[in-house]
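One structure is given below, encoded as structure tokens.
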Amino acid sequence: MSAEVTERVFLDIDRCIECKSCFAACYYGHGHEPIICYGTTGEVTFPLICRQCEEPTCVEACPYEALHKDENGIVKRSLPLCRGCGSCVTACPFGTIPPDMHEHQVPKCDSCEDLVLAGGEPRCVSVCPGGALTFLDISEADLEVGGQYALGGRVLGRNLIRRR
Amino acid sequence: MADRSETRCLLCSLCCPVTVERASDGGLAVDAAASSSAGLCGRGCSLAELAGDPRRLTGVRRQNGDAERLSLGAAAEAFNGLLAGSGDAPVAVVVDGNLPCEDIIAVHHWARTWRGKAVVAVHLPPPDLDFMEGLSASRASPFGPEGLASSDNLVVVGDALRTHPVLGRSLLDWKYSHPNGALITVDTHASVTSHFGTLQFRASPGAQGGALRATKALLKEANASPPTPGLTAVRGSWAELGRRLQANRRLSVIVVPEMTKEADWSVVAVLAAELAEAGAGGVLPLYSYGNAVGAYRIMANLGLHRLEELLVPRAEQAWSAVVEIGCDLSSAYPGDLMDPLFAGGASRIALACLPSPSTETAELVIGLTHPAEYSGTVVAGGGRELSLGAVPSMPGTTGVGAFFGGLMDGPHHTDESAWREEPVAGPIPPTAGLSTPAADGDALLLAVGSSIHAGDGTSTRRASWAQPFEGEPVLRLAARDAERRGLANGRLAAVETENGAAIMACQIDASLPPGIMVAPAAFPEIRRLLPWQLSADRLRCPPARARVRAATQEETA
Numbered sequence: 004m005s006a007e008v009t010e011r012v013f014l015d016i017d018r019c020i021e022c023k024s025c026f027a028a029c030y031y032g033h034g035h036e037p038i039i040c041y042g043t044t045g046e047v048t049f050p051l052i053c054r055q056c057e058e059p060t061c062v063e064a065c066p067y068e069a070l071h072k073d074e075n076g077i078v079k080r081s082l083p084l085c086r087g088c089g090s091c092v093t094a095c096p097f098g099t100i101p102p103d104m105h106e107h108q109v110p111k112c113d114s115c116e117d118l119v120l121a122g123g124e125p126r127c128v129s130v131c132p133g134g135a136l137t138f139l140d141i142s143e144a145d146l147e148v149g150g151q152y153a154l155g156g157r158v159l160g161r162n163l164i165r166r167r
Numbered sequence: 043m044a045d046r047s048e049t050r051c052l053l054c055s056l057c058c059p060v061t062v063e064r065a066s067d068g069g070l071a072v073d074a075a076a077s078s079s080a081g082l083c084g085r086g087c088s089l090a091e092l093a094g095d096p097r098r099l100t101g102v103r104r105q106n107g108d109a110e111r112l113s114l115g116a117a118a119e120a121f122n123g124l125l126a127g128s129g130d131a132p133v134a135v136v137v138d139g140n141l142p143c144e145d146i147i148a149v150h151h152w153a154r155t156w157r158g159k160a161v162v163a164v165h166l167p168p169p170d171l172d173f174m175e176g177l178s179a180s181r182a183s184p185f186g187p188e189g190l191a192s193s194d195n196l197v198v199v200g201d202a203l204r205t206h207p208v209l210g211r212s213l214l215d216w217k218y219s220h221p222n223g224a225l226i227t228v229d230t231h232a233s234v235t236s237h238f239g240t241l242q243f244r245a246s247p248g249a250q251g252g253a254l255r256a257t258k259a260l261l262k263e264a265n266a267s268p269p270t271p272g273l274t275a276v277r278g279s280w281a282e283l284g285r286r287l288q289a290n291r292r293l294s295v296i297v298v299p300e301m302t303k304e305a306d307w308s309v310v311a312v313l314a315a316e317l318a319e320a321g322a323g324g325v326l327p328l329y330s331y332g333n334a335v336g337a338y339r340i341m342a343n344l345g346l347h348r349l350e351e352l353l354v355p356r357a358e359q360a361w362s363a364v365v366e367i368g369c370d371l372s373s374a375y376p377g378d379l380m381d382p383l384f385a386g387g388a389s390r391i392a393l394a395c396l397p398s399p400s401t402e403t404a405e406l407v408i409g410l411t412h413p414a415e416y417s418g419t420v421v422a423g424g425g426r427e428l429s430l431g432a433v434p435s436m437p438g439t440t441g442v443g444a445f446f447g448g449l450m451d452g453p454h455h456t457d458e459s460a461w462r463e464e465p466v467a468g469p470i471p472p473t474a475g476l477s478t479p480a481a482d483g484d485a486l487l488l489a490v491g492s493s494i495h496a497g498d499g500t501s502t503r504r505a506s507w508a509q510p511f512e513g514e515p516v517l518r519l520a521a522r523d524a525e526r527r528g529l530a531n532g533r534l535a536a537v538e539t540e541n542g543a544a545i546m547a548c549q550i551d552a553s554l555p556p557g558i559m560v561a562p563a564a565f566p567e568i569r570r571l572l573p574w575q576l577s578a579d580r581l582r583c584p585p586a587r588a589r590v591r592a593a594t595q596e597e598t599a
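Quick note, the sequences are listed as chains U and E, same order. According to this note's numbering, the first sequence holds residues 4 to 167 in order. According to this note's numbering, the second sequence holds residues 43 to 599 in order.
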């Protein structure tokens, strides 16, 4: 039975305290796979989390058909098919797929589909101590009306990373 | 005893509620408790992995040449046997302050009955200890994070969000719900917390106390000209601060006592208390130990010693044995600082849950329960008394209270007033802070706290998730400092201080001012570089003057 997951992980960069708790929760929840990447702008480092794109370029780029979008709208990786070539890493326009191989394969966020389908939230969201990560079913246009900005997709900033 | 229990994470003084559950395969699952408003931070995630670490010490290991494994049942006999060989010479017992209150008291009772020659010291991070003493002397009323909401302005000394990430939600909720309030940050560099400061002040090491004094002057009079040596306004100005404080006077102070940033945290505590009193607010101290307050109260109320009192060279008989309970002194401090403990060839006994440099050199090692398995009481920051639940401990390990209780002939009385009564410390003499501008070509090396590792790193350094970020010590420095020395991101630097040398990878950090370099305090190789200063009753750690250059090929080979 499919139940499309329409929520996505959003980051309010004005609440991110760079503690890496999201990484730790994800790592222990996914068999010690280092999935979450980090980006830096100026002095601020923040997590880059898969957007589960409608038309994912990583799926298109994979020469081994190891990536696919499942019936719930989540882009997933097939362990036996992945050769760790890194094409998806290059193809992702948002830098959310880690460049380092893990046991010869590319770690990939699945939005904690196991928890989400059971009514929960992704692990990174539920542990975030600053309340920076949220799991929202909301369009980017609505966010802008609400006075927030979508930066590079799912990264939000209040007054464009103006924390003061 | 239940297989699932609610307890507290002791890896910082916020002491978040967590659930622990022993799985049928012996593993331990740790999760945020349902009652928790915040999730499990990275350190909390480390708890479960380390509790189930395959290197956990179980049973008893006697090593005098070849190692000999004994059952836990033989621990008491082996322990007594080793101490009995010491004759009439005194025994030093160092008990970790992050153990539950009942455990610390059990050690104290055993020491009193054991031929009267055991001297017990409590190990607490020196900045935590000094700060608590200062608060006691000032009779300030510390508060917990729940008290933030009633403040109009907050002064944060140190990198609170990095060292105590779970404070993030309440601090940021406060910030965004008080648009007219000022979040005033004071730190040695543009730390994570200072990014959020409405007014941001940079303090040279040793000038943080001065920032509190200056703020208090502005609270009394907006036009007061604050003393500014070592203090720079990075965002906002002193004049703006004065105006804000006059408009909204209610002010509280959050302080993270961190080594190397100040010489004397007891004085900073007094200044913080005075400022909070003037602002009709309170002081929220953020310690690195969950049971810092409980251990401090027990130590003061029962007359236990500070660790540094045992480190002063003894005129009388040398220690015949040193018993380390739940702490790893060899990682926390440089070896020469510990020399007086072992000067007379003292035997070393370690009760520990994981292998460490201390257990490697101990003649007797006894497997101890892990902090996630503790049971008893702790007193967290703000004086909150909290109960620790307990899941069945790993087979072959023992709790401290159970072990020392078993060594005594009869039951002992645990007097709860020992951790409930706030001791009153004597007046704190003023001190000149650290004013240590680096000489030409030198830099000031600070050892700072982290959101990944707790305290001296004993509990968290091995966590596998942390390896990509802080698996080894990295030297962070300003771009200009790196350029002057021919260093770049990832290049190896040779760092020399008067106390030692180390090779570290470099990381250029735009948040650092030139002349200030930073390394994580959770690594023994960093702590050994620092100029620890021991007086009769104080152990303090100013920043180190460091000579930093690109490492040669021979050094990196």
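Glycine included, C-beta positions come from ideal geometry on N, C-alpha and C.
- If we call anything under 8 Å between Cβ atoms a contact, is Pro555(E) one with His237(E)? For the purposes of this step, residue 555(E) is taken as residue 513 along the second sequence, with counting starting at 1. For the purposes of this step, residue 237(E) is taken as residue 195 along the second sequence, with counting starting at 1. It is not a contact, given that the beta carbons lie outside the stated cut-off.
- Environment of Pro207(E) [buried if 16+ CB atoms lie within 10 Å]: Counting from one through the second sequence, the residue named residue 207(E) turns up at place 165. Answer is buried; the Cβ neighbour count reaches 16.
- Message: On the CB-based measure, 16 or more other CB atoms within 10 Å of its CB, does Ser398(E) come out buried or exposed?
- Response: If you number the second sequence from 1, residue 398(E) lands on position 356. It counts as buried.
- Query: Counting only runs that start and end within the region 437 to 502 of chain E, where is the alpha helix (DSSP H) found for 4 or more residues in a row?
  - Reply: 442 to 449 and 459 to 462
- Query: Rounded C-beta distance between His150(E) and Leu346(E)? I'm assuming under 8 Å.
  - Reply: Position 108 of the second sequence holds residue 150(E). Position 304 of the second sequence holds residue 346(E). Right, their Cβ atoms sit about 6 Å apart.
- Message: Per DSSP, what are the beta-bridge partners of Val11(U) in this structure?
- Response: Counting from 1 along the first sequence, the entry for residue 11(U) is found at position 8. The residue asked about is misnamed: residue 11(U) is Arg in this sequence, not Val. For Arg11(U), which the question treats as bridged, DSSP gives the partners Leu139(U).
- Item | Whole-number beta carbon distance between Pro584(E) and Ala245(E), since they are thought to touch under 8 Å | In the second sequence, counting from the first residue as 1, residue 245(E) sits at position 203. In the second sequence, counting from the first residue as 1, residue 584(E) sits at position 542. Distance from Ala245(E) to Pro584(E) at the Cβ level is roughly 14 Å; contact not present, criterion being Cβ atoms closer than 8 Å.
- Please classify Met25(E): does DSSP put it in a helix, a strand, or coil? Not covered by the structure: residue 25(E). The range shown for chain E is 43 to 599.
- Leaving out five residues on either side along the sequence, give the residues of the same chain with a beta carbon under 8 Å from the beta carbon of His105(U). As a first step, residue 105(U) is located in the first sequence; it is residue number 102 there, counting from the start. Within the same chain, His105(U) has close Cβ partners Glu36 and Pro37.
- Compare the beta carbon distance of Ile20(U) and Ile39(U) with 8 Å and say whether it is the shorter of the two. Position 17 of the first sequence holds residue 20(U). Position 36 of the first sequence holds residue 39(U). Cβ atoms of Ile20(U) and Ile39(U): not closer than 8 Å.
- Task: Using the DSSP secondary-structure output, state which residues sit across from Ala75(E) in a beta bridge.
- Result: Along the second sequence, one-based indexing puts residue 75(E) at 33. Ala75(E) is not bridged to any residue.
- With 8 Å as the C-beta to C-beta threshold (strictly closer), list the residues of the region 18 to 45 of chain U near chain E in chain order. Arg18, Ile20, Glu21, Cys22, Lys23, Ser24, Phe26, Ala27, Ala28, Tyr30, Tyr31, His35, Pro37 and Gly45
- Query: Applying a beta-carbon distance threshold of less than 9 Å, which residues of chain U neighbour Gly423(E)?
  - Reply: Locating residue 423(E) in the second sequence gives position 381, counting from the first residue. Those do not exist, as Gly423(E) stays about 16 Å from chain U at its closest Cβ, beyond 9 Å.
- Task: Can you tell me which of Arg291(E), Asn290(E), Arg504(E) and Asn265(E) puts its alpha carbon nearest to the alpha carbon of Ser279(E)?
- Result: As a first step, residue 279(E) must be located in the second sequence, where it is residue number 237. Nearest option by C-alpha distance: Asn265(E).
- Message: Which same chain residues end up closer than 7 Å to Ala505(E) when comparing Cβ atoms and leaving out the 5 residues on each side of it in sequence?
- Response: Taking the second sequence and counting its residues from 1, the one referred to as residue 505(E) is at position 463. Residues of the same chain with a CB within less than 7 Å of the CB of Ala505(E), apart from the 5 flanking positions on each side, are Ser88, Glu91 and Leu92 in chain order.
- Delimiting residues of the beta strand (DSSP E) encompassing Ser47(E): Here residue 47(E) corresponds to residue number 5 of the second sequence, with the count starting at 1. Ser47(E) -> beta strand (DSSP E) spans Arg46 to Arg50.
- Message: Please identify the residue among Gln575(E), His454(E) and Phe243(E) whose C-alpha is closest to the C-alpha of Asp378(E).
- Response: For the purposes of this step, residue 378(E) is taken as residue 336 along the second sequence, with counting starting at 1. Selected option, being the one with the closest Cα: Gln575(E).
- Message: So, does the region 401 to 414 of chain E touch the region 99 to 109 of chain E, judging by three or more C-beta pairs under 8 Å?
- Response: As far as the Cβ criterion goes, the region 401 to 414 of chain E touches the region 99 to 109 of chain E, which means the pair count is three or higher.
- Closest by C-alpha distance to Leu383(E), when choosing among Leu353(E), Ala536(E) and Ala65(E): Start at 1 with the first residue of the second sequence, and residue 383(E) comes out as number 341. Ranking the options by Cα distance to Leu383(E), first place goes to Leu353(E).
- Message: Judging by CA-CA distance, which residue of Val92(U), Ala135(U), Glu124(U) and Ser81(U) is the nearest neighbour of Val8(U)?
- Response: For this step, residue 8(U) is matched to residue 5 along the first sequence. Just measuring C-alpha positions, the residue of Val92(U), Ala135(U), Glu124(U) and Ser81(U) sitting nearest Val8(U) is Glu124(U).
- Item | Extent of the continuous alpha helix (DSSP H) to which Arg154(E) belongs | Stepping through the second sequence from its first residue, residue 154(E) is reached at position 112. In the DSSP annotation of this structure, the continuous segment of the alpha helix (DSSP H) that includes Arg154(E) starts and ends at Cys143 to Thr155.
- Limits of the beta strand (DSSP E) - the one that Tyr41(U) falls within: Position 38 of the first sequence, counted from the first residue, corresponds to residue 41(U). Cys40 to Thr44 is the span of the beta strand (DSSP E), which, as asked, contains Tyr41(U).
- Item | Interface residues of chain E facing Pro50(U) [CB-CB closer than 9 Å] | Here residue 50(U) is taken as the residue at index 47 of the first sequence, counted from 1. None at all; the shortest Cβ gap to chain E is about 12 Å.
- What do you reckon, is the C-beta of Asp140(U) under 7 Å from a heavy atom of the ligand HEM? What this structure holds is no ligand at all, so the ligand HEM is not there to describe.
- Within the 8 Å Cβ cut-off, does Phe243(E) reach chain U? Your numbering for residue 243(E) matches position 201 in the second sequence. No, Phe243(E) does not count as interfacial toward chain U.
- Query: Mind checking if Arg339(E) is an interface residue toward chain U, Cβ cutoff 8 Å exclusive?
  - Reply: Taking the second sequence and counting its residues from 1, the one referred to as residue 339(E) is at position 297. Output row for Arg339(E): interface = no.
- Message: To the nearest angstrom, how far is the alpha carbon of Glu63(U) from that of Gly84(E)?
- Response: Translated into the one-based positions of the first sequence, residue 63(U) becomes position 60. Translated into the one-based positions of the second sequence, residue 84(E) becomes position 42. Glu63(U) and Gly84(E): Cα-Cα distance of roughly 34 Å.
- Return the CA-CA distance between Leu163(U) and Ala281(E), expressed in angstroms with no decimal places. Taking the first residue of the first sequence as position 1, residue 163(U) is located at position 160. Taking the first residue of the second sequence as position 1, residue 281(E) is located at position 239. In this predicted model, Leu163(U) has a pLDDT of only 49, less than 50, meaning its place in the structure is not dependable; the value taken from the coordinates is given anyway. C-alpha separation (whole angstroms): 27 Å.
- Proximal residues of chain U, C-beta to C-beta of Leu602(E) below 7 Å: What the structure shows of chain E is the stretch from 43 to 599, and residue 602(E) is not part of that stretch, so it cannot be assessed.
- Of the residues Val119(U), Cys61(U), Cys115(U) and Asn75(U), the one placed nearest Gly98(U), counting alpha carbons only: As a first step, residue 98(U) is located in the first sequence; it is residue number 95 there, counting from the start. Gly98(U) has its Cα closest to that of Cys61(U), out of Val119(U), Cys61(U), Cys115(U) and Asn75(U).
- Using three-state DSSP, classify Phe243(E) as helix, strand or coil. As a working mapping, residue 243(E) is identified with position 201 in the second sequence. Three-state result, Phe243(E): strand.
- Query: Is any beta-carbon of chain E found at less than 8 Å from that of Gly133(U)?
  - Reply: In the first sequence, counting from the first residue as 1, residue 133(U) sits at position 130. It does; some Cβ of chain E falls within 8 Å.
- May I ask which residues mark the beginning and end of the alpha helix (DSSP H) holding Ile340(E)? Against the second sequence, residue 340(E) aligns to sequence position 298. Its alpha helix (DSSP H) spans residues Ala334 to Leu344.
- Query: Which bits of chain E does Ser90(U) rub up against, with CB to CB less than 7 Å?
  - Reply: What you label residue 90(U) is simply residue 87 of the first sequence in a count that begins at 1. Those do not exist, as Ser90(U) stays about 23 Å from chain E at its closest Cβ, beyond 7 Å.
- Query: So, Ala498(E) versus Ala588(E), is the Cβ gap smaller than 8 Å?
  - Reply: For this step, residue 498(E) is matched to residue 456 along the second sequence. For this step, residue 588(E) is matched to residue 546 along the second sequence. In the sequence as displayed, the identity of residue 498(E) is Asp instead of Ala. Against a cut-off of 8 Å, the Cβ pair of Ala588(E) and Asp498(E) comes out as no contact.
- Query: Closest to Ile340(E) by CA distance: which of Thr419(E), Glu366(E) and Pro299(E) is it?
  - Reply: Position 298 of the second sequence, counted from the start, is the residue given in the question as residue 340(E). The shortest C-alpha separation from Ile340(E) is found at Thr419(E).
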